[in-house]
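Trainee: For the record, the sequence lines run as chains G and Y.
Here numbering that gives the first Met the number 0 is used: position 267 in the first sequence is 266, and no number is missing along the way.
Here numbering that gives the first Met the number 0 is used: position 411 in the second sequence is 410, and no number is missing along the way.
Every residue, glycine too, gets a C-beta built ideally from N, C-alpha and C.
I have a structure I would like to understand better, so I am pasting it below and will then ask my questions one at a time.
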Amino acid sequence: MSALQHPASDAVVTARDLRVWYAGPKGPVRAVDGVTFEVRKGEILGLVGESGCGKSTLGRGLLGLLPEGAARDGSLVVGGRDVLSMSAKEARRLRGGELGMIFQEPLTRLNPLMRVSDHFAETLKVHEPRLPRKEIERRSLEALRVVGIPPTRFRAYPHEFSGGMRQRIMIALTLVVRPAFVVADEPTTALDVLVEAQIIRNLHTLRAEFDTAMLLITHNLGIVAEACDRVAVMYAGRIVEIGDAREVFRNPQHSYTRELLRSTISLETDGLHYIDGAPPDLVAPPPGCRFHPRCPDAMVVCAQRTPADKVLAGGSRVACWAAEERAGVSGLGPHESAPLEREEIGVADEA
Amino acid sequence: MPTKPDLTLDRPGDGAADGVVDTVVELDDLSVHYQLAGGALARLFGLGARTVKAVDGVTLGLRRGEVLGVVGESGSGKTTLGRALLGLAPATAGSITYRPREGRPRIVSELRGAALRRLRTDLQMVFQDPSAALNPSMTIADAVGDPLRIHGVAKAPERRRLVAEALERVGLTPADRFLGKYPSDLSGGQKQRVVIARAIILDPEVLIADEPISMLDMSVRAKILELMLGLKDDLGLSYVYITHDLASAKFFCDRIAIMYLGRVVEIGPTAEIFAHPRHPYTQALLAAIPEPDPDRAVARDLPRGEIPDAAAPPLGCSFHPRCPQATPTCGWESRDLRALLEEHWTRVHPDQYAAERAVIGDLGGLDAPVTSVELGTGGAQKVRSILDRARAENAEEPLWQGVEAVEDAGSGVRVRFHPGVDPALRRAGGVDVACVLYPEDAGE
């Protein structure tokens, strides 16, 4: 636990008990409900989970890009400054300067009437108003070169590029101001598998060239295994497991992580696995561990008490009674560790 | 046209050794071409309208009771192929024949109006996005029962019974719980089950499923595939499974056709395709899949670039500009030279780019697909040295094998390429593949 209480000095982003909620018709939706983690300098942290688990809200919450009516609470420190107590003006200056975002659909983020060169000029001028024209061009071309866009296309319009090239341009546009931290929300989901592979492979180069830490939000576990140093698994608004990507994939500790890995259809798939039931309603989530109604390992205690974050032997931080029980550190009595009698889940009650 | 076509086998991928094959749908040299409307000026001057060859001479058969996978990237023509099977996209050449269990074969590509509508009782479709495929203001009962109403199959009370039956079949039990609901009340997986219920309610023989699980959550994808496999066995269905996802195709399909830019480039039994992928494109697709296994990294030597413009496909083999194994006769041309120069310039210092660009001049002359092209305006010697530098950077680049000669011409050089071959599907081992690397059956 000490690693949590005293975040490593190289943390770019430190979130502690961060909450994000917004108004829904049935009451406040707690999309992010008390998450604690850090993103270290220059690392790529993967964030995975089913749709509706709050991963996109968390990503936007870190940057303060939330819709009207959403609220944040807890503590969020970026580059040594407390973001939640900042004025709107200060926060805007931070965004795009030190913080950046890469979206799923690049075409909707590029202005069709502006040349690529104008996009770069605009971005650079906002954050570094005194930059001379020659320098703007040099920095832009350098950023484009790193993502593999030839200088011959510098004055072209967005529609003259293919989908993959547009996403490269977006990435270059985000990185050209050299942010310390970037949130990439499903950056390759709209792309073909070969183009996706090119860009994922390129991420390592980018990280090295621009020294940027990244939160990579994706539903694709393969991409996490390929590109990320660490991975956080999110379920129903909470981070249920976080650790070194290789360790989490090889020895998943939380029952949800294990089931999610098993239900992924990959080239190794020889039988079909899936998780019964659907993720809970974030207005009124179930008590105890939020995964217990769907969990094959659920014990009596899982429906009663919320498991605490514990760092287990492999170094992963996990919130799961069954994982603690396996590691022999749960301290549960026989009554509490008895299997939970579950209600039958209908075939069609699914995500 | 410098490319020379060669002969095609009958119904590739069928495995001629199997003898008689019971096919339910047959595509014979099917093409679906679209005319692009040019601008008003182009029409005024009678300039040629461009044609997109979405599907370009595809011959294959769907066997009764099998799952045939059609796999490719976006722009490969796989979705158009699926739509053509249902008569939703007009065939511009070739034919589609449907052979029902009972009754006479029907030429789908010639059906119109009422006859085409009647075909839908036998051939049905499952769409990618269940939210878009369901009318938000129709109850589930109305949506699933709609095909019955359209085809006048049953009266209202009978219809309700059939709808309930179809819902239970797809796992939406008890059906009463779902009949009065609206699509917005259901999860993604449940909506896709409704779409499947609607597709099977007329008791069809063939389902065309276009990316049926790609919009769904990881945790339910396997469940929907399992449902479809169960329905296939219970109802005696045959599937065409259209997808970009080789991993699910590997699990789900009996045979797989890999499509690239409107053509089938490889087709054969799933096990053989995965054990011995032959076409370089198939090999690339397989190598590019990111696996949730930390010990397996995606290959380094993946094809560059993206699927080309279908209105102006590359000469020779459409895949040659991206192919790591391309040969001298794969169809090298002017546009490849442009791509090579541009790639070279992403590697050099800006000053060197500026100097070289001045020597080469405008690149517009390289945009028309030809095998002999003039390059540069700053003197033959200077242009040659730029080409030499680009070549020295990456001597492995397959384009150089395709260069027949570089001659001095005008104020630059003329680059001549070997004429290309457009490979047809040919038997190779247990599959059919369209690639010059597999000239004929080696009798494996």
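Would DSSP call Arg80 of chain G helix, strand or coil?
Mentor: The residue given as residue 80 of chain G occupies position 81 in the first sequence. Strand, per DSSP.
Trainee: Within this structure, are the beta carbons of Thr328 of chain Y and Val420 of chain Y separated by less than 7 Å?
Mentor: On the second sequence, position 329 is the one that residue 328 of chain Y refers to. On the second sequence, position 421 is the one that residue 420 of chain Y refers to. Contact: yes.
Trainee: Can you confirm whether Thr79 of chain Y, when its beta carbon is compared against all beta carbons of chain G, has any partner nearer than 7 Å?
Mentor: Reading the second sequence from its first residue, position 80 is the one you call residue 79 of chain Y. No, Thr79 of chain Y does not count as interfacial toward chain G.
Trainee: For the stretch 179–199 of chain G against the stretch 97–105 of chain G, do three or more pairs of beta-carbon atoms, one drawn from each stretch, fall closer than 8 Å, so that the two count as touching?
Mentor: yes
Trainee: In angstroms, rounded to a whole number, what distance separates the CA positions of Asp5 of chain Y and Thr56 of chain G?
Mentor: Residue 5 of chain Y sits at position 6 when you count from the first residue of the second sequence. Residue 56 of chain G sits at position 57 when you count from the first residue of the first sequence. The predicted position of Asp5 of chain Y is uncertain, since its pLDDT is 40 and thus under 50; a value taken from the coordinates is nonetheless stated next. Roughly 55 Å separates the two Cα atoms.
Trainee: Report yes if the C-beta distance between Leu172 of chain G and Thr211 of chain G is below 7 Å; otherwise report no.
Mentor: Looking up residue 172 of chain G in the first sequence gives position 173. Looking up residue 211 of chain G in the first sequence gives position 212. Contact flag unset, no.
Trainee: Kindly list, in the order they appear in chain G, the residues whose Cβ is closer than 8 Å to that of Pro135 of chain Y.
Mentor: Within the second sequence, numbered from 1, the residue matching residue 135 of chain Y stands at position 136. What Pro135 of chain Y touches in chain G: nothing, since even the nearest Cβ is about 17 Å away.
Trainee: Give me the residue from Y:Gly261, Y:Tyr240, Y:Tyr259 with the minimum Cα distance to Phe251 of chain Y.
Mentor: For the purposes of this step, residue 251 of chain Y is identified with residue 252 of the second sequence, where counting begins at 1. Ranking Y:Gly261, Y:Tyr240, Y:Tyr259 by Cα distance to Phe251 of chain Y puts Y:Tyr240 first.
Trainee: Just to confirm the assignment, what range does the alpha helix (DSSP H) spanning Met217 of chain Y have?
Mentor: Position 218 of the second sequence holds residue 217 of chain Y. Segment 217–234, the alpha helix (DSSP H) holding Met217 of chain Y.
Trainee: Leaving out the 5 sequence neighbours to the left and right, which residues in its chain are closer than 7 Å to Phe209 of chain G when beta-carbon positions are compared?
Mentor: Counted from its first residue, the first sequence places residue 209 of chain G at position 210. Excluding residues within five positions, the ones whose Cβ falls inside 7 Å are Leu174, Arg177.
Trainee: Against chain G, with Cβ distances strictly below 7 Å, would Arg49 of chain Y count as a contact?
Mentor: Against the second sequence, residue 49 of chain Y aligns to sequence position 50. Taking a beta-carbon distance threshold of 7 Å, Arg49 of chain Y does not count as an interface residue toward chain G.
Trainee: The beta strand (DSSP E) spanning Thr13 of chain G covers which residue range?
Mentor: Sequence index remark: in the first sequence, residue 13 of chain G carries index 14 (1-based). It spans 10–23 - the beta strand (DSSP E) in which Thr13 of chain G sits, taken as one unbroken run.
Trainee: With a threshold of 7 Å between beta carbons, is Pro129 of chain Y in contact with chain G?
Mentor: Counting from one through the second sequence, the residue named residue 129 of chain Y turns up at place 130. Judged by the 7 Å Cβ criterion, Pro129 of chain Y is not in contact with chain G.
Trainee: Would you mind working out which of Y:Val54, Y:Leu314, Y:Leu59 sits nearest Asp27 of chain Y, comparing C-alpha positions?
Mentor: What you label residue 27 of chain Y is simply residue 28 of the second sequence in a count that begins at 1. Closest by alpha carbon: Y:Leu59.
Trainee: If we cut at 7 Å on Cβ distances, does Ala140 of chain Y have a partner in chain G?
Mentor: Position 141 of the second sequence, counted from the start, is the residue given in the question as residue 140 of chain Y. Closer than 7 Å to the CB of Ala140 of chain Y there is not a single CB belonging to chain G.
Trainee: Give a yes or no on whether the C-beta atoms belonging to Ala179 of chain G and Gly78 of chain G are separated by under 7 Å.
Mentor: The residue labelled residue 179 of chain G in the question sits at position 180 within the first sequence. The residue labelled residue 78 of chain G in the question sits at position 79 within the first sequence. Cβ distance < 7 Å, so Ala179 of chain G and Gly78 of chain G count as in contact.
Trainee: Taking Pro149 of chain G as part of the alpha helix (DSSP H), name the residues at either end of that continuous run.
Mentor: Working through the first sequence from its first residue, we reach residue 149 of chain G at position 150. Boundaries cannot be given for Pro149 of chain G, as no alpha helix (DSSP H) includes it and DSSP labels it neither H nor E.
Trainee: Mind listing which residues of the stretch 145–169 of chain G have their C-beta closer than 8 Å to chain Y's C-betas, in chain order?
Mentor: Gly147, Ile148, Pro149, Pro150, Thr151, Arg152, Ser161, Gly162, Gly163, Met164
Trainee: State yes or no: is the C-beta of His253 of chain G within less than 7 Å of the C-beta of Ala312 of chain G?
Mentor: Numbered from its first residue, the first sequence carries residue 253 of chain G at position 254. Numbered from its first residue, the first sequence carries residue 312 of chain G at position 313. Not in contact: His253 of chain G and Ala312 of chain G (Cβ atoms no closer than 7 Å).
Trainee: Could you tell me if Ala427 of chain Y is buried or exposed, where buried requires 16 or more neighbouring beta carbons within 10 angstroms of its beta carbon?
Mentor: Working through the second sequence from its first residue, we reach residue 427 of chain Y at position 428. Its Cβ being crowded by 16 or more others within 10 Å, Ala427 of chain Y is buried.
Trainee: If the cut is a Cβ gap below 8 Å, which residues of chain Y does Glu349 of chain G touch?
Mentor: For the purposes of this step, residue 349 of chain G is taken as residue 350 along the first sequence, with counting starting at 1. Result: Ser186, Gly188, Gln189, Ser218, Val219, Lys222.
Trainee: What residues in the stretch 262–285 of chain Y bring their beta carbon closer than 7 Å to a beta carbon of chain G?
Mentor: Ala283, Leu284
Trainee: Against chain Y, with Cβ distances strictly below 7 Å, would Leu271 of chain G count as a contact?
Mentor: Residue mapping note: residue 271 of chain G aligns to position 272 of the first sequence, counting from 1. It does; some Cβ of chain Y falls within 7 Å.
Trainee: Give the residues of chain G in contact with Val358 of chain Y, contact being defined as C-beta atoms less than 8 Å apart.
Mentor: Numbered from its first residue, the second sequence carries residue 358 of chain Y at position 359. Per Cβ cutoff of 8 Å: no residues; Val358 of chain Y is ~14 Å from chain G at best.
Trainee: If you draw a straight line from the alpha carbon of Ala277 of chain G to that of Thr256 of chain G, how long is it in whole angstroms?
Mentor: Along the first sequence, read from residue 1 onward, the residue named residue 277 of chain G stands at position 278. Along the first sequence, read from residue 1 onward, the residue named residue 256 of chain G stands at position 257. Cα to Cα, Ala277 of chain G sits roughly 15 Å from Thr256 of chain G.
Trainee: Tell me whether the beta-carbon of Ile216 of chain G lies closer than 7 Å to the beta-carbon of Phe36 of chain G.
Mentor: By one-based count along the first sequence, residue 216 of chain G stands at place 217. By one-based count along the first sequence, residue 36 of chain G stands at place 37. No, the Cβ-Cβ distance between Ile216 of chain G and Phe36 of chain G is not below 7 Å.
Trainee: Excluding the 5 residues flanking Thr305 of chain G on each side, which residues of the same chain have their C-beta closer than 7 Å to its C-beta?
Mentor: Residue mapping note: residue 305 of chain G aligns to position 306 of the first sequence, counting from 1. Cβ contact annotation for Thr305 of chain G (same chain, cutoff 7 Å, sequence separation greater than five): Gly287, Cys288, in chain order.
Trainee: With 8 Å as the limit, tell me which residues of the stretch 255–283 of chain G have their beta carbon closer than that to any beta carbon of chain Y; keep them in chain order.
Mentor: For the stretch 255–283 of chain G, the beta-carbon criterion of a distance under 8 Å to any beta-carbon of chain Y is satisfied by Glu258, Leu259, Leu260, Ser262, Thr263, Ile264, Ser265, Leu266, Glu267, Thr268, Asp269, Leu271, His272, Tyr273, Ile274, Ala277.
Trainee: Apart from the five residues just before and just after Tyr273 of chain G, which ones in its own chain have a Cβ nearer than 7 Å to its Cβ?
Mentor: Numbered from 1 along the first sequence, position 274 holds the residue referred to as residue 273 of chain G. The residues are Ser262.
Trainee: Consider the Cβ of Pro313 of chain Y: report whether some Cβ of chain G lies at a distance smaller than 7 Å.
Mentor: Locating residue 313 of chain Y in the second sequence gives position 314, where the first residue counts as 1. No, no contact with chain G.
Trainee: Starting from Met214 of chain Y, trace the beta strand (DSSP E) in both directions and tell me its first and last residue.
Mentor: As a first step, residue 214 of chain Y is located in the second sequence; it is residue number 215 there, counting from the start. Judged by DSSP secondary structure, Met214 of chain Y falls outside any beta strand (DSSP E); it is assigned neither H nor E.
Trainee: Is Glu97 of chain G helix, strand or coil when you go by DSSP?
Mentor: For the purposes of this step, residue 97 of chain G is identified with residue 98 of the first sequence, where counting begins at 1. Coil.
Trainee: Starting from Ala416 of chain Y, trace the beta strand (DSSP E) both ways and give me its first and last residue.
Mentor: Working through the second sequence from its first residue, we reach residue 416 of chain Y at position 417. As written in the sequence, residue 416 of chain Y is Phe, which differs from the Ala given in the question. Here the beta strand (DSSP E) through Phe416 of chain Y covers 411–416.
Trainee: Leaving out five residues before and five after Val19 of chain G in sequence, what residues of the same chain have Cβ atoms less than 6 Å from its Cβ?
Mentor: Numbered from its first residue, the first sequence carries residue 19 of chain G at position 20. Counting only Cβ-Cβ distances below 6 Å, and skipping sequence neighbours, we find Ala30, Val31, Thr56, Gly60, Arg71.
Trainee: Nearest to Gly315 of chain Y by alpha carbon, out of Y:Ala196, Y:Leu260, Y:Val193?
Mentor: On the second sequence, position 316 is the one that residue 315 of chain Y refers to. When only C-alpha atoms are compared, the closest one is Y:Leu260.
Trainee: Would you list, in sequence order, the uninterrupted alpha helix (DSSP H) runs of no fewer than 4 residues that lie entirely inside the stretch 379–411 of chain Y?
Mentor: 379–392
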